[in-house]
Amino acid sequence: MSKFDHVEDAMFGQSIFKNESTLYPEYVPPELPTREEDIARLARNFRSLLGKEGSFSVNVAIVGHAGIGKTALCKYTMKRFEEAANNRNIHVKFLYYNCHSFRSKTAILRNVLSEHFRIQSRGFSDEEILDMLVKRLTREEIRLIIALDEANMLNSEDILSIFHSGELFGSEQSMISTIIISRPIEYRSLLNVPLSGHIHDQMDISGYSRNQLLQILEYRANMALYPTSYTEETLNLIADICSSSQNARHGLEILYRAGKLTDLKHETFINPEYIRAAKADVYPELRRDVLEELRLQELLTALGIARKLTIKGITSTTIEDGYESYVLTCEEYDHELRSKSSFRSALETLHKVGILGKSVGPIEEGKRGRRAKITTFDIPATVLVERIENILSKPDVLKE
Ligand SMILES: Nc1ncnc2c1ncn2[C@@H]1O[C@H](COP(=O)(O)OP(=O)(O)OP(=O)(O)O)[C@@H](O)[C@H]1O
Ligand SMILES: [Mg+2]
237 MSKFDHVEDA MFGQSIFKNE STLYPEYVPP ELPTREEDIA RLARNFRSLL GKEGSFSVNV
297 AIVGHAGIGK TALCKYTMKR FEEAANNRNI HVKFLYYNCH SFRSKTAILR NVLSEHFRIQ
357 SRGFSDEEIL DMLVKRLTRE EIRLIIALDE ANMLNSEDIL SIFHSGELFG SEQSMISTII
417 ISRPIEYRSL LNVPLSGHIH DQMDISGYSR NQLLQILEYR ANMALYPTSY TEETLNLIAD
477 ICSSSQNARH GLEILYRAGK LTDLKHETFI NPEYIRAAKA DVYPELRRDV LEELRLQELL
537 TALGIARKLT IKGITSTTIE DGYESYVLTC EEYDHELRSK SSFRSALETL HKVGILGKSV
597 GPIEEGKRGR RAKITTFDIP ATVLVERIEN ILSKPDVLKE
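According to our numbering, the sequence shown holds residues 237 to 636 in order.
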């Protein structure tokens, strides 16, 4: 009898997934059930770009809690908007940027120019780059719409200067429109008076009701899984779990992980037990890809802090203790040590992306001022350690 081949089985053995990649985080489905009104409102906001009398710049904000389809709504609607306009010979260009990956106005503008207009912008200032871009757009009559997702990674001044781009260079109308996407708390920290004066429509997106979540789960399960692998009850059980967070990603990740577990156990039907196991593994606030977008220095910082926090009885740490643990981590990975100030700025980033929390502790006797306490945010420290170590074990990651 031939030996059971685990690799062969994983590659070609049975799976309950008909189309697994439709549950990957970056996948945008061909429909967004229950979001019809938001889709229409977003598209309508950009109607003025289509008029004969010239284009106008429109700035829209999409604001709402985690996993409720802000990113999906934007990509879905604006891709179609672009296509429909181009089909009628109106030149609209839609570009999507996640500010976790592109963290400054400069990085975004340079990418717009080099990737989409083949203009080399090295050595030019931001103002000159914007000038080149606006001239090019004006000459070719291109209406550019830039989506800035996770916009709180930028600062208000950066966003404001993109808003101002048209006016600055004396062209009659600005050719650049924007969509700012953010969660509510982050949005509030970004918003100031000059900025809000430039937002034409702030779309506050609501969370999903249980019924809506069920509808979304039905649609996505049907696309990803063989129909014999689940029933209405399976999906109802998942909807029950994520109805409190009103978060579609929460439900879809549970579905995905429970499905993977079913495959792993060589079964053909998603057992409720697997749903409960998957539930414990999913952190609804955390995007699955957020750790992958971090730079090496930030990963090592997060790992240093998280390791400190896995020590029994410790729930928060200080910058000093965190830095010590970071130093040990760098030594272990044979990575060049950075100064405390760059450690601090990595901490700031980790706070912004929602991995680490920060609180200001009480004034301690005999010590000056308040000391910042660092904690993990949504995800437990042990899980964070495991996931980061996993990323760092991949080839090439440490070469950055
Ligand atoms: N109406 C819907 N129909 C089908 N799938 C949906 C719908 N709304 C959201 N999803 C799916 O749910 C997941 C989360 O959505 P998305 O990433 O757009 O959330 P988000 O609001 O941008 O969250 P975050 O604030 O964490 O970035 C994605 O996989 C998306 O495809
Ligand atoms: Mg998003």
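From the three backbone atoms N, C-alpha and C, an ideal C-beta is built for every residue, glycine too.
Quick check on the burial criterion: 16 or more other C-beta atoms within 10 angstroms. Buried or exposed for N295?
A residue is called buried when at least 16 other Cβ atoms come within 10 angstroms of its Cβ; N295 meets this threshold and is buried.
What residue ranges within the stretch 529-566 form continuous alpha helix (DSSP H) runs of no fewer than 4 residues, ordered along the chain?
With a minimum length of 4 residues, the continuous alpha helix (DSSP H) runs that stay inside the stretch 529-566 are 532-545.
Does the beta-carbon of K501, which I'm using as the reference point, lie nearer than 7 Å to any heavy atom of ligand 2?
Not under cutoff, so the answer is no.
Using the Cα positions of L516 and L384, report the straight-line distance between them to the nearest angstrom.
Checking the displayed sequence, the identity of residue 516 turns out to be Ala instead of Leu. Each residue's Cα considered, the two are about 32 Å apart.
Report yes if the C-beta of K315 is less than 7 Å from at least one heavy atom of ligand 2; otherwise report no.
Outside the cutoff, so no.
Residue from D241, M314 and P265 with nearest C-alpha to A276:
Closest in alpha carbon position to A276, among D241, M314 and P265, is M314.
What is the rounded straight-line gap between the Cα of S595 and the Cα of S581?
Rounded to whole angstroms, S595 to S581 spans 16 Å at the Cα level.
What whole-angstrom Cβ distance do I417 and K588 have, given they're in contact under 8 Å?
That belief does not hold up - the Cβ atoms of I417 and K588 are roughly 14 Å apart, past 8 Å.
Same chain, Cβ closer than 7 Å to L268, neighbours up to 5 away in sequence not counted:
When the five nearest sequence neighbours on each side are left out, the beta carbons in the same chain lying within less than 7 Å of the beta carbon of L268 are those of I275, G305, A308, L309 and Y312, in order along the chain.
Tell me whether K306, by its Cβ, gets closer than 7 Å to a heavy atom of ligand 2.
The answer is yes for K306.
Status (buried if at least 16 other CB within 10 Å, exposed otherwise) for L583:
Within a 10 Å sphere around the beta-carbon of L583 sit 16 or more other beta-carbons, which makes this residue buried.
For the stretch 452-463 and the stretch 249-258, state whether three or more C-beta atom pairs, one from each stretch, are separated by less than 8 Å.
Yes: the two stretches touch, three or more of their Cβ pairs being nearer than 8 Å.
For Y260, does the count of other Cβ atoms within 10 angstroms reach 16, so buried, or fall short, so exposed?
With fewer than 16 other Cβ atoms within 10 Å, it is exposed.
What span of residues does the alpha helix (DSSP H) with N373 cover, start to end?
The sequence given here places Leu at residue 373; Asn does not occur at that position. D362 to E376 is the extent of the alpha helix (DSSP H) around L373.
Under the three-state reduction of DSSP, which class applies to V299: helix, strand or coil?
Looking at V299 - three-state DSSP - the assignment turns out to be strand.
Whether Y510 touches A484 by CB criterion (8 Å):
No, Cβ-Cβ distance for Y510 and A484 is not below 8 Å.
Let me check understanding here. Comparing Cα to Cα, which of I415, S480 and S251 lies closest to N639?
This structure leaves residue 639 out entirely; the chain is present only between 237 and 636.
CA-to-CA distance, I506 to E625, given in whole angstroms:
Going by the C-alpha atoms only, they are around 30 Å apart.
Considering M641, what are the terminal residues of the alpha helix (DSSP H) in which it resides?
There is no way to answer for residue 641, as the model of the chain reaches only from 237 to 636.
Under a three-way DSSP split, which group does I381 fall into?
In the structure shown, the three-state DSSP call for I381 is strand.
D385 CB to nearest heavy atom of ligand 2 below 7 Å
The nearest non-hydrogen atom of ligand 2 is less than 7 Å from the C-beta of D385.
Once you ignore the five residues that flank I365 on each side, which residues in its own chain have a CB closer than 8 Å to its CB?
Apart from the 5 residues on each side of it in sequence, I365 sits with its Cβ closer than 8 Å to the Cβ of T342, L345, R346, L349 and S357 in its chain, given in chain order.
For E528 and L236, the rounded distance between their alpha carbons:
Only positions 237 to 636 of the chain appear in the structure, and residue 236 is not among them; the question remains open.
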